[in-house]
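Numbering (the working numbering), first residue to last: 29 to 188.
Just so you know, even glycine gets a beta-carbon here, dropped at the ideal spot from N, CA and C.
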(Lines of atoms letter the chains of each structure in order from A and count residues from 1; the text may use other names and numbers.)
(Lines give C-alpha, C1' and ligand atoms only; values in the text may rest on other atoms or scores of the structure.)
Protein backbone atom coordinates (compact mmCIF):
# COMPACT_ATOMS: atom_id res chain seq x y z
CA UNK A 1 0.00 0.00 0.00
CA UNK A 2 1.37 3.37 -1.03
CA UNK A 3 1.50 6.15 1.57
CA UNK A 4 -0.10 9.35 0.37
CA UNK A 5 2.01 12.48 0.75
CA UNK A 6 0.56 15.94 1.30
CA UNK A 7 2.08 19.31 0.45
CA UNK A 8 2.08 21.85 3.25
CA UNK A 9 3.21 25.45 3.50
CA UNK A 10 4.18 26.63 6.95
CA UNK A 11 5.97 29.79 8.00
CA UNK A 12 8.62 28.66 10.45
CA UNK A 13 10.58 31.37 12.25
CA UNK A 14 9.73 33.84 9.51
CA UNK A 15 10.69 31.58 6.60
CA UNK A 16 8.09 29.99 4.36
CA UNK A 17 8.61 26.23 4.22
CA UNK A 18 7.05 24.25 1.38
CA UNK A 19 7.23 20.60 2.32
CA UNK A 20 5.79 17.22 1.49
CA UNK A 21 4.72 15.14 4.48
CA UNK A 22 2.90 11.94 5.23
CA UNK A 23 -0.46 12.41 6.99
CA UNK A 24 0.75 10.99 10.32
CA UNK A 25 3.91 13.09 10.78
CA UNK A 26 3.71 15.43 13.76
CA UNK A 27 4.80 19.04 13.79
CA UNK A 28 7.61 18.01 16.15
CA UNK A 29 8.89 15.40 13.69
CA UNK A 30 8.64 17.89 10.85
CA UNK A 31 10.63 20.51 12.76
CA UNK A 32 13.33 18.14 13.98
CA UNK A 33 13.69 15.73 11.07
CA UNK A 34 12.79 17.68 7.93
CA UNK A 35 13.58 21.28 8.82
CA UNK A 36 16.45 20.22 11.14
CA UNK A 37 15.55 22.52 14.04
CA UNK A 38 16.64 20.51 17.07
CA UNK A 39 15.85 23.00 19.87
CA UNK A 40 12.29 21.76 20.28
CA UNK A 41 12.58 18.61 22.39
CA UNK A 42 10.78 15.26 22.27
CA UNK A 43 9.74 14.44 25.81
CA UNK A 44 6.73 12.30 26.53
CA UNK A 45 5.35 12.25 22.99
CA UNK A 46 1.75 12.55 24.21
CA UNK A 47 1.39 16.25 24.97
CA UNK A 48 1.87 16.02 28.73
CA UNK A 49 5.35 17.42 29.49
CA UNK A 50 5.59 20.56 27.33
CA UNK A 51 9.18 19.92 26.21
CA UNK A 52 8.00 20.34 22.62
CA UNK A 53 6.18 23.65 23.14
CA UNK A 54 6.29 25.98 20.14
CA UNK A 55 4.14 28.95 19.24
CA UNK A 56 1.48 28.44 16.58
CA UNK A 57 0.13 31.83 15.54
CA UNK A 58 1.58 33.17 18.83
CA UNK A 59 -0.19 30.53 20.95
CA UNK A 60 1.74 27.83 22.81
CA UNK A 61 1.06 24.30 21.54
CA UNK A 62 2.62 20.88 22.03
CA UNK A 63 4.26 20.07 18.71
CA UNK A 64 4.14 16.34 19.47
CA UNK A 65 0.34 16.42 19.59
CA UNK A 66 -0.24 18.31 16.36
CA UNK A 67 -0.10 16.82 12.91
CA UNK A 68 2.07 18.78 10.50
CA UNK A 69 -0.82 18.98 8.03
CA UNK A 70 -2.87 20.83 10.67
CA UNK A 71 -0.38 23.70 10.54
CA UNK A 72 -0.73 24.34 6.80
CA UNK A 73 -0.87 28.09 6.15
CA UNK A 74 0.05 29.00 9.72
CA UNK A 75 3.00 30.57 11.54
CA UNK A 76 5.23 28.52 13.82
CA UNK A 77 7.88 29.97 16.13
CA UNK A 78 10.48 27.72 17.73
CA UNK A 79 13.15 28.37 20.33
CA UNK A 80 15.58 29.03 17.47
CA UNK A 81 13.65 32.23 16.66
CA UNK A 82 14.02 33.74 20.12
CA UNK A 83 17.62 34.98 20.07
CA UNK A 84 18.24 37.89 17.70
CA UNK A 85 21.44 37.62 15.63
CA UNK A 86 23.21 35.73 18.38
CA UNK A 87 21.96 38.05 21.14
CA UNK A 88 19.95 36.20 23.76
CA UNK A 89 16.37 37.30 24.34
CA UNK A 90 15.96 39.04 27.73
CA UNK A 91 14.01 36.01 28.95
CA UNK A 92 16.84 33.67 27.99
CA UNK A 93 19.29 35.96 29.80
CA UNK A 94 17.03 35.95 32.87
CA UNK A 95 16.96 32.14 32.84
CA UNK A 96 20.77 32.19 33.03
CA UNK A 97 20.97 34.89 35.72
CA UNK A 98 18.31 33.24 37.91
CA UNK A 99 19.81 29.75 37.44
CA UNK A 100 16.52 28.56 35.97
CA UNK A 101 18.35 26.09 33.76
CA UNK A 102 19.47 22.83 35.28
CA UNK A 103 19.56 19.95 32.80
CA UNK A 104 18.05 22.26 30.17
CA UNK A 105 15.67 19.74 28.64
CA UNK A 106 12.51 21.66 29.58
CA UNK A 107 14.02 25.08 28.92
CA UNK A 108 12.94 25.58 25.28
CA UNK A 109 9.34 24.76 26.13
CA UNK A 110 9.40 26.90 29.28
CA UNK A 111 10.83 29.83 27.34
CA UNK A 112 8.26 29.51 24.55
CA UNK A 113 5.34 29.29 27.01
CA UNK A 114 6.67 32.31 28.89
CA UNK A 115 7.19 34.32 25.70
CA UNK A 116 3.59 33.57 24.67
CA UNK A 117 2.44 34.94 28.03
CA UNK A 118 4.59 38.07 27.76
CA UNK A 119 3.30 38.74 24.24
CA UNK A 120 -0.25 38.75 25.59
CA UNK A 121 0.38 40.40 28.95
CA UNK A 122 3.41 42.58 29.61
CA UNK A 123 2.91 42.70 33.39
CA UNK A 124 1.67 39.24 34.42
CA UNK A 125 1.23 38.39 38.07
CA UNK A 126 2.94 35.35 39.64
CA UNK A 127 -0.30 33.37 39.41
CA UNK A 128 -0.51 34.08 35.66
CA UNK A 129 3.11 33.02 35.16
CA UNK A 130 2.46 29.76 36.98
CA UNK A 131 -0.65 29.20 34.86
CA UNK A 132 1.30 29.90 31.64
CA UNK A 133 3.97 27.31 32.44
CA UNK A 134 1.57 24.78 33.97
CA UNK A 135 1.77 22.63 30.83
CA UNK A 136 5.55 22.37 31.12
CA UNK A 137 7.18 19.81 33.38
CA UNK A 138 10.55 20.47 34.98
CA UNK A 139 12.17 17.71 37.02
CA UNK A 140 15.12 19.81 38.23
CA UNK A 141 14.35 23.32 39.45
CA UNK A 142 11.06 23.15 41.33
CA UNK A 143 9.79 26.02 39.14
CA UNK A 144 10.65 28.84 41.56
CA UNK A 145 13.74 29.91 39.62
CA UNK A 146 11.82 29.75 36.34
CA UNK A 147 9.12 32.01 37.76
CA UNK A 148 11.81 34.37 39.11
CA UNK A 149 13.32 34.57 35.62
CA UNK A 150 9.99 35.63 34.11
CA UNK A 151 9.42 38.08 36.96
CA UNK A 152 12.90 39.54 36.34
CA UNK A 153 12.01 40.27 32.71
CA UNK A 154 8.74 41.90 33.79
CA UNK A 155 10.53 44.01 36.41
CA UNK A 156 13.30 45.06 33.99
CA UNK A 157 10.68 46.05 31.39
CA UNK A 158 9.19 48.44 33.95
CA UNK A 159 12.56 50.20 34.26
CA UNK A 160 13.22 50.54 30.53
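Query                                                                                                                          : Result
Where the beta strand (DSSP E) through residue 104 begins and ends                                                             : 103-105
Complete beta strand (DSSP E) runs within the region 88-170 (minimum length 3 residues, chain order)                           : 103-105
Three-way DSSP call (helix, strand, coil) for residue 179 in this model                                                        : helix
Cut-off 6 Å between Cβ atoms - residues of its own chain near residue 35, not counting five sequence neighbours on either side : 48
Neighbourhood of residue 94 by C-beta, 6 Å cutoff - its chain only, sequence neighbours within 5 removed                       : 55
Sequence-distant residues of the same chain with beta carbon closer than 7 Å to residue 100, five excluded per side            : 36, 37, 38
Expected contact under 8 Å - CB spacing of residue 194 and residue 117 to nearest Å                                            : It is not possible to answer for residue 194, since the shown part of the chain is limited to 29 through 188.
Three-state secondary structure assigned by DSSP to residue 30                                                                 : coil
Residues near residue 179 in its chain [Cβ-Cβ closer than 6 Å; skip 5 each side]                                               : none
Option in 170, 133, 130, 63 with minimal Cα separation from residue 104                                                        : 63
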